[in-house]
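S.K.:
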Amino acid sequence: MIVAIDGPSGTGKSSTSKAVAAKLGLSYLDTGAQYRAMTWWMLSNGVDVNDAAEVATAAHKPTIVSGTDPAAPTITVDGADATGPIRTQEVTAAVSAVSAVPEVRARLVELQRSAAAAAPNGIVVEGRDIGTTVLPDATLKVFLTASAEARAARRNGELKGKEAADLAATQAALAKRDAADSGRKTSPLAKADDAIEVDTTDLTLDQVIECIVTLIEEKRAAR
Ligand code: DC
11 MIVAIDGPSG TGKSSTSKAV AAKLGLSYLD TGAQYRAMTW WMLSNGVDVN
61 DAAEVATAAH KPTIVSGTDP AAPTITVDGA DATGPIRTQE VTAAVSAVSA
111 VPEVRARLVE LQRSAAAAAP NGIVVEGRDI GTTVLPDATL KVFLTASAEA
161 RAARRNGELK GKEAADLAAT QAALAKRDAA DSGRKTSPLA KADDAIEVDT
211 TDLTLDQVIE CIVTLIEEKR AAR
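If you want my numbering, it's the position in the sequence shown, counting the first as 1, plus 10.
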């Protein structure tokens, strides 16, 4: 059972994917965290993230390891816990540039396919290009969407203290990142032809989880 969950930021991908995996006894992989970990390494090692050639040359250097237990997902870079550092504004601002570099994507897609192949009972993989590129044969593909306003409000709710910007600034930052993620040449953010689109604007988290669990159960019953 391979479940691909794609969509732009702020649609509830992470909370939904983790909860669905936990409920059904599946593994869980946050591919955005891997792009963030790569970006954090680049920033920490003096790589100019706006120089694609420099990023490409360094892409093979960091060792990124993701733990796939949905109850306690982990990520390390060269053995160091990266959970906190990958969520800073500095990493968020740089991640689209780093993830547009084909050598970065090739490296991480390989890790993602290995994780899916190694999952004992199946896996929920969340990202931007999982259904289109990473796991095109996934059992179920879901594409989550939500209005720009709802996404900005959710993202603001996740940011703490001084990092919480005003709503308009968050909405502008999200729009900028989505445009970069959708506009890049190598496997952009896109809905696979056979993905089921779920608009989460007016749904609670529990309703979205329930909806995807039902879709998975339908797939299981049909097999
Ligand atoms: O899901 P997130 O916001 O943590 O993802 C961070 C960035 O990583 C996102 O702006 C684009 C990139 N990304 C990607 O290019 N492909 C993926 N499969 C997942 C994330």
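All residues carry an ideal CB built from backbone N, CA and C; glycine is no exception.
Just to confirm my understanding: we take residue 23, look at its own chain, exclude 5 residues before and 5 after, and list those with CB closer than 7 Å. What are they?
M.R.: Answer for residue 23: 15, 17, 136 and 154, listed in chain order.
S.K.: With a CB to CB cut of under 8 Å and the five nearest residues on each side skipped, what residues in its chain are close to residue 206?
M.R.: For residue 206, where only same-chain residues beyond five positions count, the Cβ hits under 8 Å are 150, 151, 152, 153 and 225.
S.K.: Can you tell me where the alpha helix (DSSP H) holding residue 77 begins and where it ends?
M.R.: No alpha helix (DSSP H) holds residue 77; the beta strand (DSSP E) holding it covers 74-77.
S.K.: List the residues that DSSP assigns as beta-bridge partners of residue 16.
M.R.: Its beta-bridge partners are 137 and 153.
S.K.: Please tell me whether, using a cut-off of 8 Å, the distance from the CB of residue 187 to the nearest non-hydrogen atom of the ligand DC is below it.
M.R.: For the ligand DC, at least one heavy atom lies less than 8 Å from the Cβ of residue 187.
S.K.: Judging by CA-CA distance, which residue of 146, 42 and 163 is the nearest neighbour of residue 84?
M.R.: Checking every option, the nearest Cα to that of residue 84 belongs to 42.
S.K.: Just to confirm, is the Cβ distance from residue 133 to residue 31 under 9 Å?
M.R.: For residue 133 and residue 31, yes; Cβs fall inside 9 Å.
S.K.: Is any heavy atom of the ligand FAD found at a distance shorter than 8 Å from the C-beta of residue 138?
M.R.: Absence of the ligand FAD from the depicted structure is noted, with the ligand DC being the only ligands included.
S.K.: Below 6 Å CB to CB, which residues in the same chain sit around residue 202 once its five sequence neighbours on both sides are set aside?
M.R.: Here the set comprises 141, 142 and 151.
S.K.: Could you check whether the Cβ of residue 115 sits closer than 8 Å to any heavy atom belonging to the ligand DC?
M.R.: Residue 115 Cβ: within cutoff of the ligand DC.
S.K.: Can you give the beta carbon distance from residue 26 to residue 219, rounded, assuming they're within the 8 Å contact cut?
M.R.: Contact flag correct, Cβ pair sits at about 6 Å.
S.K.: If you draw a straight line from the alpha carbon of residue 125 to that of residue 52, how long is it in whole angstroms?
M.R.: Rounded to the nearest angstrom, the two C-alpha atoms are 23 Å apart.
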